[in-house]
Every structure is written in structure tokens, then in C-alpha cells.
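Protein chains in written order, with our numbering: chain A, 4 to 145; chain B, 4 to 145.
Ideal Cβ placement from N, Cα and C applies to all residues, glycine included.
None of the values given here were measured: they were computed from a predicted structure.
Protein chains: 2
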Amino acid sequence: MASGVFDLLHLGHVKFLEEAKKAGGKNAELIVVVARDSTVQATKGRKPVMPENQRLALVESLKVVDQAVLGFEEFDIGDVIDRIKPDIIALGYDQEDMEEKVREYVNKRKLKVTVVRVGKFGEDELSSSSKIRQKIVEKFAR
Amino acid sequence: MASGVFDLLHLGHVKFLEEAKKAGGKNAELIVVVARDSTVQATKGRKPVMPENQRLALVESLKVVDQAVLGFEEFDIGDVIDRIKPDIIALGYDQEDMEEKVREYVNKRKLKVTVVRVGKFGEDELSSSSKIRQKIVEKFAR
Numbered sequence: 004m005a006s007g008v009f010d011l012l013h014l015g016h017v018k019f020l021e022e023a024k025k026a027g028g029k030n031a032e033l034i035v036v037v038a039r040d041s042t043v044q045a046t047k048g049r050k051p052v053m054p055e056n057q058r059l060a061l062v063e064s065l066k067v068v069d070q071a072v073l074g075f076e077e078f079d080i081g082d083v084i085d086r087i088k089p090d091i092i093a094l095g096y097d098q099e100d101m102e103e104k105v106r107e108y109v110n111k112r113k114l115k116v117t118v119v120r121v122g123k124f125g126e127d128e129l130s131s132s133s134k135i136r137q138k139i140v141e142k143f144a145r
Numbered sequence: 004m005a006s007g008v009f010d011l012l013h014l015g016h017v018k019f020l021e022e023a024k025k026a027g028g029k030n031a032e033l034i035v036v037v038a039r040d041s042t043v044q045a046t047k048g049r050k051p052v053m054p055e056n057q058r059l060a061l062v063e064s065l066k067v068v069d070q071a072v073l074g075f076e077e078f079d080i081g082d083v084i085d086r087i088k089p090d091i092i093a094l095g096y097d098q099e100d101m102e103e104k105v106r107e108y109v110n111k112r113k114l115k116v117t118v119v120r121v122g123k124f125g126e127d128e129l130s131s132s133s134k135i136r137q138k139i140v141e142k143f144a145r
């Protein structure tokens with residue numbers, strides 16, 4: 004299982020998901036939880052550029068993804084883990100807070116879940132949705 | 004065969020490619036030609052937001068795509084057709100000029116190539132790279 008917002012889909016997202024799937028070994032099935040607009044609004048103070056249904060459909064259209072689902076309106080990582088029942092949870096380089104919450108829940112419930120951290124892929128300026136937004140604003144806002 | 008810039012990949016792109024593949028019938032193989040940065044610069048007067056290698060890799064990562072290749076530096080639709088040798092060329096709703104050039108070349112060379120036009124998918128404000136850019140500028144340029 005991997006999760007994220009996946010706004011303005013870019014190569015960094017795809018590489019993250021490919022590494023997440025690799026972490027599951029041969030025949031792994033990758034289930035991706037796509038954050039709700041309401042969750043992003045609550046945590047970042049603004050909605051994503053692309054609405055949740057489009058982000059979900061785009062993630063689902065990737066070769067590496069076996070299944071994509073939307074998160075819960077009232078986001079709780081414990082609920083997500085209980086629903087998906089993953090063997091492995093892969094977290095991205097920028098998901099430190101999430102890792103802490105995941106480990107806490109897994110330990111508390113004594114679940115057999117492996118938590119892995121997946122690295123950052125190069126320092127490319129465009130492997131980040133916020134940097135893509137920034138480039139667009141610089142280029143087109145006149 | 005389908006072609007395009009595929010800057011800021013969105014659901015409209017994916018649906019266009021799905022329709023293009025459907026036009027080829029069962030067992031169709033979809034080859035996508037991704038426009039070079041230099042071609043976009045020459046035709047639109049500016050480079051895409053995402054560089055060609057990232058656009059290529061992202062298109063290639065889609066389930067619907069069997070193969071993705073970059074166009075020629077000196078773009079010529081005839082060269083592309085000669086290289087790919089497609090049975091069917093699918094053109095999007097916004098590729099009118101391209102359709103004319105394709106038909107001209109196919110007729111001149113008497114090629115057995117079917118040219119199909121694939122429709123627009125809803126009037127969603129975010130099924131267009133330029134509208135996504137516009138939304139980002141409106142939201143974030145302060």
C-alpha cells in the first residue's frame with residue numbers, strides 16, 4: 004500500500020509507486036490510497052488543483068498501480084490500514100509524519116505490517132507538485 | 004498511433020489515448036509519439052512546462068500505452084508515419100491542422116492508413132493543459 008495526494012501527476016510520483024511495488028517483491032499487488040480533497044484542505048489549508056476523482060482515475064491509469072481507492076472523508080490512517088489490510092506500507096521521502104502515525108498504530112494493534120521508507124529520486128526541480136506550480140506561476144503569471 | 008505534447012498529464016489525455024486504442028479494435032497496439040520540446044517551441048512559441056524526457060516517461064507509464072517515442076527534432080509528420088508505419092492514426096479534437104497534413108501525406112503516398120478523429124470528453128475545465136495552467140496561476144500567483 005502507498006498513499007498520497009498525487010496532484011499534477013509527475014515522474015516523481017510514478018517512481019515512488021514503482022519503488023513501493025518493488026518493496027513488495029515478486030507478484031506484489033500495489034494498492035494506492037488517494038487523499039480526499041477534504042483531507043488536503045484540512046491538512047494544507049487549500050484544495051489540490053485537480054479534484055479527487057480525476058486524481059484517482061489518473062493514478063489508476065498507471066501500469067504500476069493494481070488498484071486505487073479514495074481515502075476516507077474523515078481521514079484516519081488506522082481506518083485505512085484496517086480497510087486495506089496491507090502486508091507492506093511504503094512511505095515516500097516526504098511522508099515522515101505519516102510514518103510516525105503508521106508505526107504507532109501498527110505497534111498498538113500488534114499488526115504484522117512491514118513499514119518501508121522509499122527514497123527520493125534525484126533532485127529534479129519538477130519531481131514535486133509544488134515546484135511544478137511554482138514554475139507555471141513564474142512562466143505564465145504576467 | 005497517436006501523438007501530442009502531453010504537458011501536465013491529465014485525464015483528458017488518458018481518455019484520448021484510450022479512445023485511440025479502441026479505434027484499433029481488439030489486440031490493437033498503441034504507439035504514442037510525444038512532441039519534442041523544440042517542436043513545441045517552434046509551433047507555440049514556448050517550451051512545455053515538463054521537459055520531453057519526463058513527458059515521454061510519464062506517457063509510457065500509462066496502462067493504455069504499449070510504446071512511447073519522442074518525435075523528430077525537425078518535425079515532419081511524413082517522417083513519423085514512415086518510421087512508425089501505423090495501420091491507424093488517431094487524432095484528437097484539437098488536432099485539426101494535423102489531420103489535414105496527415106491526410107495529405109497519406110493520399111500523396113497512397114498509404115493504407117486509416118485516419119480517425121477521436122472526440123472531446125466532456126467540457127471539464129481541467130481536461131486541457133492550458134486550463135490547468137490558468138487555474139494554477141489564478142490560485143497561486145499573489
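- Spatial neighbours of His-13 (chain B) in its own chain (CB-CB distance under 8 Å, excluding positions within 5 residues in sequence) are listed in chain order as Leu-129, Ser-130, Ser-131, Ser-132, Ile-135.
- For a Cβ distance threshold of 7 Å, residue set Arg-136, Val-140 of chain A lies close to Phe-143 (chain B), ordered along the chain.
- Contact check for Val-119 (chain B) and Val-109 (chain B): beta-carbon distance about 12 Å, past the 8 Å limit, so the pair fails to qualify.
- Residues are counted here when their Cβ sits less than 8 Å from a Cβ of chain B; for the segment 51-66 of chain A these are Val-52, Met-53, Pro-54, Gln-57, Ala-60, Leu-61, Ser-64, Leu-65, Lys-66, given in chain order.
- The alpha-carbon of Ser-41 (chain B) is positioned some 13 Å away from that of Asp-79 (chain B).
- Taking a cut-off of 8 Å for Cβ pairs, the segment 13-30 of chain A and the segment 86-101 of chain A touch, as three or more such pairs fall below it.
- Per DSSP, the beta bridge partners of Ala-71 (chain A) are A:Val-35.
- Contact with chain A is absent for Arg-112 (chain B), since none of that chain's Cβ atoms lies less than 9 Å from the residue's Cβ.
- If you ignore the 5 residues before and after Val-43 (chain B), its C-beta comes within less than 7 Å of the C-beta of Val-8, Lys-50, Pro-51, all in its own chain and listed in chain order.
- Annotation: Ala-71 (chain B) to Leu-59 (chain A) spans about 23 Å, alpha carbon to alpha carbon.
- Rounded to whole angstroms, the Cβ separation of Ser-64 (chain B) and Val-17 (chain A) is 5 Å, and the two are in contact under 8 Å.
- Against chain B, the beta carbon of Leu-14 (chain A) has neighbours under 7 Å at Gln-57, Ala-60, Leu-61, listed in chain order.
- In the structure shown, Ser-6 (chain A) falls within a strand segment according to DSSP collapsed to helix, strand and coil.
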